[in-house]
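Q:
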Amino acid sequence: TRFTWTEELRFPWWLGGGLTAFAAKPVLGLIWRRNLNGLKRRLET
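According to our numbering, the sequence shown is numbered sequentially starting from 15.
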């Protein structure tokens, strides 16, 4: 089984818009990677 999806987050101008998105990308990437690894462990047990 393969599970995939694509997301695009857009921050409003009052939250910094593209600048905030640029800064948040690596942080959100780490969070999602950790969450997906946890999900993988749950599904494999």
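Beta carbons are placed, not taken as given, at the ideal position from N, Cα and C, and that holds for glycine.
Just so it is clear, the structure is predicted and the values come from calculations on it, not from any experiment.
TRP19: which of GLU58, ARG56, LEU57, LEU50 sits nearest, CA to CA?
A: Answer by Cα proximity: LEU50.
Q: What is the DSSP secondary structure of LEU57, reduced to helix, strand or coil?
A: Three-state result, LEU57: helix.
Q: Please identify the residue among PHE17, ARG16, PHE36, THR15 whose C-alpha is closest to the C-alpha of PHE25.
A: Comparing Cα-Cα distances from PHE25 to each of PHE17, ARG16, PHE36, THR15, the minimum goes to PHE36.
Q: Only counting the same chain, and skipping five residues up and downstream in sequence, which positions put a Cβ closer than 6 Å to that of GLY31?
A: Closer than 6 Å at the Cβ level, and outside the excluded window around GLY31, lie PHE25.
Q: State the Cα-Cα distance for the pair LEU23 and ARG48, rounded to the nearest angstrom.
A: Near 19 Å, if we compare the C-alpha coordinates of ARG48 and LEU23.
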